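Residue numbering for the sequence shown follows the working numbering, beginning at -4 and increasing consecutively. Where is the CB? At the ideal position from N, CA and C, for every residue including glycine. Remember, predicted model here, so these are calculated numbers, not experimental data. Working notes, beginning with the structure itself.
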Amino acid sequence: MKILFKGHDFKYETEATVKLFISGRFEFLFDETDADGDFVSSQIRKGKKYTYLFAVCSLNGKYARKSLKIANEDADEKNCEHEICRLIYLCLGKLTGINPPWGLLTGIRPVRKMTELIEKGYDKADCFNLLKTRYMTSERRLELAYKTAENQIPLLKTADSDSISIYISIPFCPTRCSYCSFVSHSLDSARKLIPDYIRCLCREIEILGRIVRDMNFKIDTVYFGGGTPTSIDAVQLDTLMKTLAENIDISKVREYNVEAGRADTITYDKLSVIKKNGAGRISVNPQTLNDKVLENIGRMHTAQDTVNAYKMARELGFDNINMDLIAGLPGDTYESFADTLDRVMELDPESITVHTLTIKRSASLYGEDNSRLFAQSMTADMVNRSMDILPENGWHPYYLYRQKNTLENLENIGFAKKGAESLYNIFIMDETQIILGAGCAASTKLIEPNGKITRIHNYKFPYEYINRFDELMKKKELIYKIYGEK
């Protein structure tokens, strides 16, 4: 499909708006408004008193047109961008019959809009009215955003101004799931790199330890993510966790997370290492408890393996366990998803995270159909089921984020029992806490005194991380430039 622009270059938001209705790849043309076939065209023209905005969309031989005039004094760039996208949204909604649940809210963090209004003193009705008017967000998603914001705000206020989080990346998995878009590497292809990777990661943790001491940072939360951290063996995991404790004072952390993840990587020895080294929160992630669906996505374990891993963790004394589910997996049905949800609730983990399947170009499920509408599936019913049943049984939404190319333009929701909310998950979504990242594809997020966010990205691939390690570590000097040695 062609996307045409004339009189403006609002490419990013225009593309995000079109993707609410149409998947695939796009051709972008500037200073043009005429095209054949399927296209989205928008134009801004400024007159003496008014600025005129136009949108024309063509899909499967049908057309929709919308226009608007704005007084020049109100036609600033931000307002024009929003109104152009709104016109396109209305045209495509008419042509497709699709009503995106989040409306024009295309960003990753829709809850922040609600939080900002609450903190300005608006009541619930005013929050809903403002967001519904400007973004055409559905009542159901506004309710979800409000409940999530209500749970987040008190927890955000508990973070000290000098507290930070540590993220440690172990980017390996036994196999690569068909839906996966993370920078993760199967053990078959990366096994020979693991010893050197562990060695370099330990060195980076030592360097971060020096920075933490020099900056007088206080560690609030620690998160081992991936990949699947338990893909490495128990001795290697023990080495990493000991290196962390030896170089960084984690004695006062409020939360220490390790994504144990896939059942086919979880062993008694690894769980014992995690427990012994002080991590109190782990994830045991089934994604689904349907064996056929597990096979479809390339998992090499059964649903019972996940249940056994969960029970093993309980026997070892873990009292804060998260379980991840994915709505919309290939071959899954509403009935199957509901069964998985019920069985996970029976296990009674402290938190349950419900992801919506996201198909990105790096995932093997990604297709090349460039002009098709997103398939209308049962995914929304699956997510809505979780939104209904989990709060009724004591798990409440506490963090939420969205991704591009998510089925039915839905979201990922973290539900938790009161007191079991993951602080790290909240902080990383709110972007108000410094996060120091170590390891392949990890990102260090620096919050500057003026509120500006600066990121230092580690190399994506293990061989690059290993071979260019010294060069990479020079990037960390930016931390000193921003904060100065204390």
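In this structure, Asn400 lies away from Gly409, with their beta-carbon atoms at least 8 angstroms apart.
In the structure shown, Asn445 adopts coil according to DSSP, grouped into three states.
One Cα belongs to Arg20, the other to Met(-4), and the distance between them is close to 7 angstroms. In terms of Cβ geometry, Asp319 and Thr348 form a close pair [threshold 8 angstroms]. In the assembly as shown, Gly414 is an exposed residue. Its beta-carbon has fewer than 16 other beta-carbons within 10 Å.
Excluding its 5 nearest sequence neighbours in each direction, Val339 has C-beta neighbours in its own chain below 8 angstroms: Pro281, Leu284, Met318, Leu320 and Ile347, listed in chain order. The Cβ atoms of Leu48 and Leu24 do not sit closer than 8 angstroms to each other. Secondary structure within the stretch 374 to 442: the alpha helix (DSSP H) runs of 4 or more consecutive residues, fully enclosed, are 374 to 387 and 418 to 425 (chain order).
Using a Cβ distance threshold of 8 angstroms, Phe167 and Gly221 count as a contacting pair. The DSSP assignment places 263 to 271, 286 to 291 and 298 to 310 as complete runs of the alpha helix (DSSP H) inside the stretch 238 to 315, in order along the chain (cut-off: 4 residues). Excluding five sequence positions before and after Phe5, the CB atoms of its chain that fall closer than 7 angstroms to its own CB belong to Glu76 and Ile79, given in chain order. Met468 sits in a helix when the DSSP states are folded into three classes. For Ala50, the enclosing beta strand (DSSP E) begins and ends at Tyr45 to Leu54.
The C-beta distance from Leu188 to Ile461 rounds to 7 angstroms, short enough to fall under 8 angstroms. The C-alpha of Asn252 lies about 8 angstroms from the C-alpha of Thr216. Look at the beta carbons and you see the stretch 437 to 448 not touching the stretch 120 to 130: under three pairs across the two are nearer than 8 angstroms. The three-state secondary structure of Tyr141, taken from DSSP, is helix. Counting C-beta atoms within 10 angstroms of its own C-beta, Glu111 has fewer than 16 neighbours from the protein chains shown and is therefore classed as exposed. Counting along the chain, Ser36 sits inside the beta strand (DSSP E) bounded by residues Phe34 to Lys41.
For Gly102, the closest C-alpha among the options Leu405, Phe464 and His452 is that of Leu405. Annotated three-state conformation of Tyr454 is coil, per DSSP. Check the Cα spacing between Glu199 and each of Asn242, Ala30 and Pro190: the tightest is with Asn242.
Residue environment analysis places Arg294 among the buried positions, since at least 16 neighbouring C-beta atoms fall within 10 angstroms of its C-beta. According to the DSSP secondary-structure assignment, Gly221 is paired through a beta bridge with Ile165.
The three-state reading of DSSP puts Ser156 in coil, since its state is none of H, G, I, E or B. Closest in C-alpha terms to Asn453, from the list Ala433, Glu254, Ile442 and Asn445, comes Ala433.
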